[in-house]
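Comments concern the structure below.
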């Protein structure tokens, strides 16, 4: 509404409720510096009251709440020292649907952490969720090393058998 439209209601200024609404609209349209300051204080007081309520309820500083507010900071200071597989496990007394919802929320938080890690240029090997990939790579490397050792052992056994067949002479020695 503009000021011209508000003037149309001046005829009804005898009604208390209409006067209150008109005054309220006019102060919002062109507030004084005192009213602006009062609004700012009111907003701050509401925020403080809500924060006090959250603290008293014990929800604001819970680990889940902090992780949800700032997933990357939580990961950097707390999360990377925790077992990542424990978050996906079912909790005692928890329904299957709750477990699935928690896993879904966990996936969303992990994607937020990864986005922040990508934005900050963190090495890909240190990304959240790469623990499984690193373990798989380590297992594959160990398997390859074991296979190489087995092949070397088989080659050595083959050389010893060849010596026995040739009467103890290796392939480089010539027997006369």
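Residue numbers (our numbering): 170 to 345.
C-beta atoms are modelled at their ideal positions from N, C-alpha and C, and glycine is treated no differently.
These numbers were taken from a predicted model, which means no experiment stands behind them.
To test your reading of the DSSP string, which unbroken alpha helix (DSSP H) runs of 4 or more residues are found completely within the segment 229–266? Those alpha helix (DSSP H) runs which fall completely within the segment 229–266 and span 4+ residues are 232–238, 240–246.
Tell me whether residue 187, by its Cβ, gets closer than 7 Å to a heavy atom of the ligand HEM. What this structure holds is no ligand at all, so the ligand HEM is not there to describe.
Nearest candidate by alpha-carbon position, reference residue 171, set 195, 185, 269, 228: Against the chain shown, residue 171 aligns to sequence position 2. Checked all of 195, 185, 269, 228; the closest Cα to residue 171 is 195.
Rounded to a whole number of angstroms, what is the C-alpha to C-alpha distance between residue 283 and residue 272? Locating residue 283 in the chain shown gives position 114, counting from the first residue. Locating residue 272 in the chain shown gives position 103, counting from the first residue. Counting only the Cα atoms, residue 272 lies some 16 Å from residue 283.
Quick check: residue 243 and residue 297, are their CB atoms within less than 8 Å of each other? Mapped onto the chain shown, residue 243 falls at position 74. Mapped onto the chain shown, residue 297 falls at position 128. Result no, Cβ atoms of residue 243 and residue 297 do not sit closer than 8 Å.
When burial is assigned at 16 or more other CB atoms within 10 Å of the CB, is residue 241 buried or exposed? Position 72 of the chain shown, counted from the first residue, corresponds to residue 241. Label assigned to residue 241: buried.
Using C-beta distances below 6 Å, list every residue in its chain close to residue 278, excluding the 5 sequence neighbours before and after it, in chain order. On the chain shown, position 109 is the one that residue 278 refers to. Excluding sequence neighbours, residue 278 sits near 240.
State the start and end residues of the unbroken alpha helix (DSSP H) segment that holds residue 198. By 1-based counting over the chain shown, the position of residue 198 is 29. Here the alpha helix (DSSP H) through residue 198 covers 185–198.
If I measure Cβ to Cβ from residue 220 and keep anything under 8 Å in the same chain, skipping five residues before and after, which residues do I get? Position 51 of the chain shown, counted from the start, is the residue given in the question as residue 220. Apart from the 5 residues on each side of it in sequence, residue 220 sits with its Cβ closer than 8 Å to the Cβ of 229 in its chain, given in chain order.
Residue 264 classed as buried or exposed, judged by whether at least 16 other C-beta atoms fall within 10 angstroms: As a first step, residue 264 is located in the chain shown; it is residue number 95 there, counting from the start. Under a 10 Å Cβ-count criterion, residue 264 is classified as exposed, with fewer than 16 other Cβ atoms of the shown protein chains found around its own Cβ.
4-residue-minimum alpha helix (DSSP H) runs that sit fully inside the segment 198–229, ordered along the chain: Fully enclosed alpha helix (DSSP H) runs of 4 or longer: 202–226.
According to the Cβ coordinates, are residue 259 and residue 268 closer than 8 Å? Working through the chain shown from its first residue, we reach residue 259 at position 90. Working through the chain shown from its first residue, we reach residue 268 at position 99. Residue 268 sits close to residue 259, with the two beta carbons spaced by under 8 Å.
Would you decide whether residue 236 is buried or exposed? Buried here means 16 or more other CB atoms lie within 10 Å of its CB. The residue given as residue 236 occupies position 67 in the chain shown. It counts as buried.
Could you name the residues of the same chain whose beta carbon sits closer than 6 Å to that of residue 182, not counting the 5 residues immediately before and after it, in chain order? Residue 182 sits at position 13 when you count from the first residue of the chain shown. Same-chain partners within the cutoff: 188.
When DSSP labels each residue in this structure, what does residue 292 get in the three-state scheme? As a working note, residue 292 is residue 123 in the chain shown. It is coil, neither helix nor strand.
CB residue 205 to CB residue 191, shorter than 8 Å? As a position in the chain shown, residue 205 is number 36, starting the count at 1. As a position in the chain shown, residue 191 is number 22, starting the count at 1. No, Cβ-Cβ distance for residue 205 and residue 191 is not below 8 Å.
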